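Peer 1:
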Amino acid sequence: MELKTPSLGVGRTALFTAWMRQLESERPDALFGDPLAAVMLSALAEDPVLAEVTEMIKQTHDSAAGFPTYFAVRTRFLDDEILDALGSGIRQVVTLAAGVDGRTVRLGLPPGTRWFEVDLPEMTQFKNALLAHSGLALACERRGVAADLREDWQASLRAAGFDPQQPTVWLVEGLLMYLTRAAGESLVAGLTELSAPGSRLMLEHLKAAMLEEEGRFVRERVEEQGAEWVSARDDLEEWLGGHGWQARVYAGDDPHIGHGRPVAPLPACWLAAAALPNGRL
Ligand SMILES: C[S@@+](CC[C@H](N)C(=O)[O-])C[C@H]1O[C@@H](n2cnc3c(N)ncnc32)[C@H](O)[C@@H]1O
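Counting in my numbering, the sequence shown runs from 8 upward without gaps.
1) Measuring from the CB of F84, is there a heavy atom of ligand 1 at a distance below 8 Å?
2) Run through the region 61-126 for me and flag every whole beta strand (DSSP E) of 3 or more residues, listed as ranges in chain order.
3) Round the Cβ separation of C125 and V101 to the nearest angstrom and send it over; I've been treating them as touching at under 8 Å.
4) Have a look at T175 and F23 and give me their C-alpha separation to the nearest angstrom.
5) Beta-carbon within less than 6 Å of A210's beta-carbon, same chain only, minus the 5 sequence neighbours each way: which residues are those?
6) Are A190 and R226 close, meaning C-beta to C-beta below 9 Å?
7) Of the residues A153, A258, A146, R19, which one's Cα is nearest the Cα of A58?
8) Tell whether a beta-carbon distance below 9 Å holds between G96 and A25.
9) Can you give the beta carbon distance from V256 to W236, rounded, assuming they're within the 8 Å contact cut?
10) Taking 8 Å as the cut-off, is the beta-carbon of W160 closer than that to any non-hydrogen atom of ligand 1?
11) Am I right that L194 and P171 are in contact with their C-beta atoms under 8 Å? What's the rounded C-beta distance?
12) Is R226 close to ligand 1? I mean its beta-carbon at under 8 Å from any heavy atom of the ligand.
13) Which ranges would you report for the alpha helix (DSSP H) in the region 190-232 if only whole runs of at least 4 residues count?
14) Note the first and the last residue of the continuous beta strand (DSSP E) segment covering Q253.
15) DSSP three-state call for T175: helix, strand or coil?
16) Which residues mark the beginning and the end of the alpha helix (DSSP H) in which E180 is found?
17) Any heavy atom of ligand 1 within a distance shorter than 8 Å of the CB on G191?
18) How is R150 classed by DSSP in three states: helix, strand or coil?
19) Tell me the residue span of the alpha helix (DSSP H) that contains W277.
20) Beta-carbon separation of I89 and R121 under 9 Å?
21) Throw me the rounded Cβ distance for the R150 and F123 pair, which I believe falls under 8 Å.
22) Can you tell me where the alpha helix (DSSP H) with S141 in it begins and where it stops?
Encoded structure:
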């Protein structure tokens, strides 16, 4: 199959996280299974981009034992929160920076779920082609939306059929650290504007220490892929609270969300699950 791989550095990080999900899927005690990650790895087996990502995975594996467990725990935490939100009756989901996330094929979703996956045009094209090639059945009505999240992505989302009158589950995973603090701020303000009462927000951000010496090793690996961490924050509860969201926030290595997996200290992140009780401010 001819698949044009995303050339942008930050697009490669999506291949990396998909590979992390594949590693988890192979475990006998896997916290989830991601068939799309397997399809991606075999479709790109001969691609030089994948060789670069492989090299990074080897380095992180050899030097920080247990590194992939963070990605497994993060994925499962967000899966559970999404399914809980859908269980409460929400049927509209938006992933901002979806990358090669396989949730639209791998989760058991209630009938009538409509899922928008927003990413840069090149990545959206790659994902659409990969899904078509995979032959995997979608668990929902999926709409890929090509947009830059630093620009007017809301217009693209509305044009794709998003309904701001309905409550939404928002998912922001593996994105905010690549955006400036100001761009992250405007992203959260923008999604809040589109959120009907009862909406939920699941979000990941980097701990501030990751931009200091403590995070240097992982930062360098990210930079080798042509991407860069440019922001981090330790005040998620207050930050999201300022936008009207009531958030529960967990450290990535919090045993309460770890399913018995000891999570390595790198990369150190926060995971938040928030609800919008009274609508937008
Ligand atoms: C680390 S990946 C995360 C992908 C997915 N959420 C996951 O966890 O597997 C980062 C994603 O952010 C996307 N991205 C980065 N900057 C973006 C922007 N300005 N607008 C839209 N997407 C962006 C990249 O294309 C990439 O798919």
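Beta carbons are placed, not taken as given, at the ideal position from N, Cα and C, and that holds for glycine.
Keep in mind the model is a prediction, meaning the values are calculated, not measured.
Peer 2: On the basis of the data shown:
1) For the purposes of this step, residue 84 is taken as the residue at position 77 of the sequence shown. No - ligand 1 has no heavy atom lying nearer than 8 Å to the Cβ of F84.
2) 99-103, 121-126
3) Counting from one through the sequence shown, the residue named residue 125 turns up at place 118. Counting from one through the sequence shown, the residue named residue 101 turns up at place 94. The sequence as given places Val at residue 125; Cys does not occur at that position. Taking a contact as a CB-CB distance under 8 Å, the pair V125 and V101 counts as one, their CB atoms being some 7 Å apart.
4) Working through the sequence shown from its first residue, we reach residue 175 at position 168. Working through the sequence shown from its first residue, we reach residue 23 at position 16. Their Cα atoms are separated by approximately 28 Å.
5) Position 203 of the sequence shown, counting from 1, holds the residue named residue 210. With the sequence shown as reference, residue 210 is identified as Leu, and Ala is not the correct amino acid for it. Counting only residues of its own chain and dropping the five nearest sequence neighbours on each side, L210 has a CB closer than 6 Å to the CB of V179, A279.
6) As a working note, residue 190 is residue 183 in the sequence shown. As a working note, residue 226 is residue 219 in the sequence shown. Contact: no.
7) Along the sequence shown, read from residue 1 onward, the residue named residue 58 stands at position 51. Nearest C-alpha to A58: R19.
8) The residue labelled residue 96 in the question sits at position 89 within the sequence shown. The residue labelled residue 25 in the question sits at position 18 within the sequence shown. Going by C-beta atoms, G96 is not nearer than 9 Å to A25.
9) One-based indexing of the sequence shown puts residue 256 at position 249. One-based indexing of the sequence shown puts residue 236 at position 229. With 8 Å as the limit, V256 and W236 do not qualify as a contact, their Cβ atoms being about 19 Å apart.
10) To locate residue 160, count along the sequence shown from 1; it is residue 153. It does: the Cβ of W160 is within 8 Å (strictly closer) of some heavy atom of ligand 1.
11) Taking the sequence shown and counting its residues from 1, one reaches residue 194 at position 187. Taking the sequence shown and counting its residues from 1, one reaches residue 171 at position 164. At roughly 16 Å, the Cβ-Cβ gap does not stay under 8 Å, so L194 and P171 are not in contact.
12) The residue labelled residue 226 in the question sits at position 219 within the sequence shown. Not under cutoff, so the answer is no.
13) 223-231
14) Along the sequence shown, read from residue 1 onward, the residue named residue 253 stands at position 246. Note, Q253: beta strand (DSSP E), 253-258.
15) Stepping through the sequence shown from its first residue, residue 175 is reached at position 168. Three-state DSSP puts T175 in a strand.
16) Locating residue 180 in the sequence shown gives position 173, counting from the first residue. First-last for E180: undefined, no H or E at that position.
17) To locate residue 191, count along the sequence shown from 1; it is residue 184. Annotation for G191 indicates a beta carbon at 8 Å or more from all heavy atoms of ligand 1.
18) Numbered from its first residue, the sequence shown carries residue 150 at position 143. In the structure shown, R150 sits in a strand (DSSP, three-state: E or B).
19) Residue mapping note: residue 277 aligns to position 270 of the sequence shown, counting from 1. That residue, W277, is in no alpha helix (DSSP H); its beta strand (DSSP E) goes 276-282.
20) Taking the first residue of the sequence shown as 1, we reach residue 89 at position 82. Taking the first residue of the sequence shown as 1, we reach residue 121 at position 114. Not in contact: I89 and R121 (Cβ atoms no closer than 9 Å).
21) The residue labelled residue 150 in the question sits at position 143 within the sequence shown. The residue labelled residue 123 in the question sits at position 116 within the sequence shown. Right, the Cβ-Cβ distance comes to about 5 Å (below 8 Å), so this counts as a contact.
22) Numbered from its first residue, the sequence shown carries residue 141 at position 134. Its alpha helix (DSSP H) spans residues 128-141.
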